[in-house]
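Notes to accompany the following structure.
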Amino acid sequence: MLRSGPAPAEELVDAWRERARPAVEQTEGKDFRTQWQALADLGALRMDPPGSEHPGPVTRALAAVEGIGLAGADPGICYALASQLFGMQFPLRATLPEQAWQALAHVQDGRTMLCHALTERTAGSDPLSMDTRARRDGDGYVLDGAKTFITAAPIADLAIVFARTAEGRSPFALSAFLFPVDTPGVSLGETFDKTALPTVPMGELVFDGARLPATALIGEEGSGLAVMSSTTAWERAVVLGYALGPMRRTLQRTAEWAGTREHFGRRMGASHQVAARISDMALALHRSRVQLYAMAARLDAGTPARQLAAEAALTKISVAEDYVRLSEHATALAGVRGFLPGSGLTADLHSPMAAHVYAGHNDLLRVGVARQFGLPVEN
Ligand SMILES: Cc1cc2nc3c(=O)[nH]c(=O)nc-3n(C[C@H](O)[C@H](O)[C@H](O)COP(=O)(O)OP(=O)(O)OC[C@H]3O[C@@H](n4cnc5c(N)ncnc54)[C@H](O)[C@@H]3O)c2cc1C
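The numbers in the sequence shown follow full-length UniProt numbering, run straight up by one, and end at 379.
Dropping the structure here:
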């Protein structure tokens, strides 16, 4: 087994790999929610299991996600677990008052699934152009509009939804709400098959005069952009931890293939070019692990996610690009088998490429990085 990264996480990752393996094997090929529940029943969505304090909860959760990936769980399940844990549960716990979080804490048992609904058909990279509106009505709000391309929307029970509560592009024009998707006036719109992470359902939520109580508001009215900064900083910092298991499995099986395949009268791995590709894959995985666990350690040390926004963006760009690079090398070394489902060597290039797009497109994040260095560049 290839090793890299902080030692404490390695033991946890190994323990999770062994713990998750039977559940992964028993539910393989079953529907998404069955696979999800089997892992949640093992505690995969728990944020603070009793009995251990070191390393901190974010590191432990990251190790769980990595171990589950190493156990062979479908990358879509790994992504969905990481997305709910790091993009929703942790930021909600940091944002909601204690009582409101306690009322929601049951999401950790997996029976209530969350989705994060920001994107609209005409508002992707530019959330301040969104059309979904929440208008005040007595004590509560009335919601109209639609959120599209939302991971897990077709199977989620609760949605975090961003909506306009004021006109224009003011940083206080948006608000965030959390409510059940079976609220009257909320319906499931189109669902989407996708080439990246195809096992995780993606869909659209449509709001037609949906009445929300004031308690559905997350934070204050007008604080939607601040809530979004928190959820996206968390996502950028650690959500790509989902890729660590699939990356390591791809590296292992490619190294085994290169070590045994024979041509030109010798084993393929005797070629320096082949060996260099394997080394580059190991470098990509090492860089990704070190950065993701470093972010987890910073969050565990109590650094607010928003203070980590710049480093989280760098981590997200770097891991997404290393995931693509590693998958390209695997595809090149697999030859024709890289394109034959069932060969055991097919490399998924769509899912790594998708990591460039969600949680802020890498091109846009680069603009923010350059701005940190004083360049007068804007999105
Ligand atoms: C697998 C997957 C899961 C997703 N899950 C969710 C989810 O759960 N919830 C959710 O709300 N959304 C989700 N999304 C949607 C995602 O957040 C959006 O796709 C993303 O915000 C980009 O929006 P867009 O696709 O409309 O692209 P656009 O905004 O149309 O941008 C297209 C491209 O234009 C380029 N571009 C645009 N503006 C600039 C600029 N200023 N500088 C440089 N380049 C620029 C970029 O290359 C960009 O990719 C998911 C997407 C994927 C792929």
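Glycine included, C-beta positions come from ideal geometry on N, C-alpha and C.
According to DSSP, which residues form a beta bridge with valine 206? Residue pairing by DSSP puts valine 206 in a beta bridge opposite Ala146 and Ser187.
Kindly identify the DSSP beta-bridge partner or partners of serine 115. According to the sequence displayed, residue 115 carries cysteine and not serine. According to DSSP, cysteine 115 bridges with Ala159.
Ligand 1 heavy atoms versus the CB of phenylalanine 264: any closer than 8 angstroms? Not under cutoff, so the answer is no.
For ligand 1, is there a heavy atom less than 8 angstroms away from the beta-carbon of leucine 118? In terms of side-chain proximity, the C-beta atom of leucine 118 is found nearer than 8 angstroms to a non-hydrogen atom of ligand 1.
With 16 as the cutoff for other CB atoms within 10 Å, does threonine 331 come out buried or exposed? So threonine 331 counts as buried.
As assigned by DSSP and simplified to three states, the class of proline 91: Secondary structure at proline 91: helix, using DSSP grouped into helix, strand and coil.
Given 8 angstroms as the limit, tell me if residue 383 has its C-beta closer than that to any heavy atom belonging to ligand 1. Any question about residue 383 goes unanswered here, given that the chain covers just 1 to 379.
Where are the beta strand (DSSP E) runs, 3 residues long or more, that stay fully inside the region 196-260, in chain order? Those beta strand (DSSP E) runs which fall completely within the region 196-260 and span 3+ residues are 202-212.
Opening and closing residue of the beta strand (DSSP E) in which alanine 64 lies: Run containing alanine 64: none in the beta strand (DSSP E); it sits in the alpha helix (DSSP H), 57-70.
If I measure Cβ to Cβ from histidine 356 and keep anything under 6 angstroms in the same chain, skipping five residues before and after, which residues do I get? Taken in chain order, the residues that qualify are Ala320 and Asn362.
Comparing alpha-carbon positions, which option in Val336, Val206 and Thr346 lies nearest arginine 249? Out of Val336, Val206 and Thr346, Thr346 has the C-alpha closest to the C-alpha of arginine 249.
Complete beta strand (DSSP E) runs within the region 290-317 (minimum length 3 residues, chain order): Secondary structure remark: continuous beta strand (DSSP E) runs of at least 3 residues inside the region 290-317: none found.
If I measure Cβ to Cβ from methionine 1 and keep anything under 7 angstroms in the same chain, skipping five residues before and after, which residues do I get? Note that methionine 1 scores a pLDDT of 49, beneath 50, so its modelled location is shaky and nothing firm can be said.
Return the chain-ordered list of same chain residues with a C-beta closer than 7 angstroms to the C-beta of threonine 23, the five sequence neighbours on each side being excluded. The sequence as given places alanine at residue 23; threonine does not occur at that position. Take alanine 23, set aside five residues on each side of it, and the residues of its chain with a beta-carbon closer than 7 angstroms to its own are Ala38, Leu39 and Leu42, in chain order.
Contact test: leucine 92 Cβ vs ligand 1 heavy atom, cutoff 8 angstroms: No.
For aspartate 322, collect the residues of the same chain with a Cβ closer than 7 angstroms to its Cβ; drop the 5 residues on either side in sequence, then sort them by chain order. Excluding sequence neighbours, aspartate 322 sits near Ala284, Arg287 and Ser288.
Examine ligand 1 and report whether any of its heavy atoms sits within less than 8 angstroms of the Cβ of serine 229. Set against 8 angstroms, the gap from the CB of serine 229 to the closest heavy atom of ligand 1 is not smaller.
What span of residues does the beta strand (DSSP E) with proline 75 cover, start to end? No beta strand (DSSP E) contains proline 75, which is instead part of the alpha helix (DSSP H) from 75-84.
Residues that glutamate 262 bridges to, as DSSP identifies them: Looking at the DSSP assignment, glutamate 262 forms a beta bridge with Arg267.
Hey, is the region 175-186 in contact with the region 210-219, meaning 3+ C-beta pairs nearer than 8 angstroms? As far as the Cβ criterion goes, the region 175-186 touches the region 210-219, which means the pair count is three or higher.
Rounded to a whole number of angstroms, what is the C-alpha to C-alpha distance between residue 390 and serine 271? A question about residue 390 goes unanswered here, because the residues of the chain that appear run from 1 up to 379.
Alanine 176 Cβ short of 8 angstroms to ligand 1 heavy atom set: Answer for alanine 176: no, Cβ out of range of ligand 1.
Within a Cβ cutoff of 7 angstroms, which residues of the same chain sit near glycine 368, ignoring the five residues on either side of it in sequence? Only Ala313 meet the Cβ criterion.
Isoleucine 150 Cβ short of 8 angstroms to ligand 1 heavy atom set: At least one heavy atom of ligand 1 lies closer than 8 angstroms to the C-beta of isoleucine 150.
Would you say the beta carbon of histidine 361 is closer than 8 angstroms to some non-hydrogen atom of ligand 1? Histidine 361 Cβ: within cutoff of ligand 1.
What residue does the beta strand (DSSP E) around serine 175 start on, and which one ends it? Per DSSP, serine 175 belongs to the beta strand (DSSP E) from 174-180.
Can you list, in chain order, the residues of its chain with a C-beta nearer than 8 angstroms to that of leucine 364? Leave out the 5 residues immediately preceding and following it. Closer than 8 angstroms at Cβ, skipping near neighbours: Ser125 and Asn379.
Helix, strand or coil for tyrosine 358? Go by DSSP, reduced to three states. Correct three-state label for tyrosine 358: coil.
Select from Arg21, Trp16 and Val65 the residue whose C-alpha is nearest the C-alpha of alanine 296. Nearest option by C-alpha distance: Val65.
Where methionine 281 and arginine 21 are concerned, what is the direct C-alpha to C-alpha distance, given to the nearest angstrom? Cα-Cα distance, rounded: 25 angstroms.
Output needed for residue 382: all residues of its chain with C-beta closer than 7 angstroms, excluding positions within five of it in sequence on either side, in chain order. The structure shown does not extend to residue 382, since the chain is modelled only from 1 through 379, so no value can be given for it.
Pairwise C-alpha distance: cysteine 115 and valine 200: Valine 200 and cysteine 115: Cα-Cα distance of roughly 12 angstroms.
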